[in-house]
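S.K.: In the working numbering, the protein residues as written are -4 to 151. Handing you this structure, nothing more for now.
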């Protein structure tokens, strides 16, 4: 019975990650335009909350808290990576940019990413430490830690 629950939890986690990856660009875009289009940002936040609520349905107590927090952090992790990609894209779009200036621009994008990803990683570790089962705690960390922070620093 317990292995069935873990298997269904794992399946939900995989589904959640796929859905998060698919919705991250829309959520990022809504947040980017929030000053001009605050209604869209509010709607994106509601979609994120609804998604995490659906994903964590049936969980109670600490399990519910950990599930919702790790779900939100997973989406935040995707937004941080998406922000890095957008930043580097802006570097390449600059007309007449020299190779050295391009390198500096991209390094600035990497530095900003490292700072933001470290914040998400720290929050993820705190959230996942609440999980009592070590295996589920590790799965939690993998789901909400930016991928480049799982094994090494992205700039090395």
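Note that beta-carbon positions come from the ideal geometry of N, C-alpha and C, so glycine has one too. Bear in mind that the values here come from a model prediction, so they are computed numbers and not experimental data.
1. Distance, Cα to Cα, residue 125 vs residue 70?
2. Identify whether residue 116 lies in helix, strand or coil by the three-state DSSP scheme.
3. What are the boundary residues of the alpha helix (DSSP H) that includes residue 141?
4. Could you tell me the distance, in whole angstroms, from the CA atom of residue 135 to the CA atom of residue 91?
5. Compute the beta-carbon to beta-carbon distance between residue 139 and residue 48, rounded to the nearest angstrom, for a pair I have assumed lies under 8 Å.
6. Taking a contact to mean a Cβ-Cβ separation below 8 Å, would you say residue 115 touches residue 68 in this structure?
7. Can you tell me whether residue 95 is buried or exposed? The criterion is at least 16 other CB atoms within 10 Å of its CB, across all chains shown.
8. If we ignore side chains and look at the alpha-carbon of each, how far apart do residue 110 and residue 73 end up?
9. According to DSSP, simplified to helix, strand and coil, what is residue 80?
10. Please state whether DSSP places residue 89 in a helix, a strand or coil.
11. In whole angstroms, what separates the C-alpha of residue 57 from that of residue 131?
12. Between which residues of its own chain and residue 62 is the CB-CB distance below 6 Å, once the five residues before and five after are set aside?
13. Please state if the CB of residue 101 and the CB of residue 83 are separated by a distance shorter than 8 Å.
14. Can you tell me whether residue 141 is buried or exposed? The criterion is at least 16 other CB atoms within 10 Å of its CB, across all chains shown.
M.R.: The short version:
1. 19 Å
2. helix
3. Careful: residue 141 lies outside any alpha helix (DSSP H) and carries neither H nor E.
4. The alpha-carbon atoms of residue 135 and residue 91 are separated by roughly 44 Å.
5. Going by Cβ atoms, the distance from residue 139 to residue 48 rounds to 17 Å, so no, they are not a contact pair.
6. Yes. Within cutoff.
7. So residue 95 counts as exposed.
8. 14 Å
9. helix
10. coil
11. 13 Å
12. 51, 54
13. yes
14. Buried is the call here.
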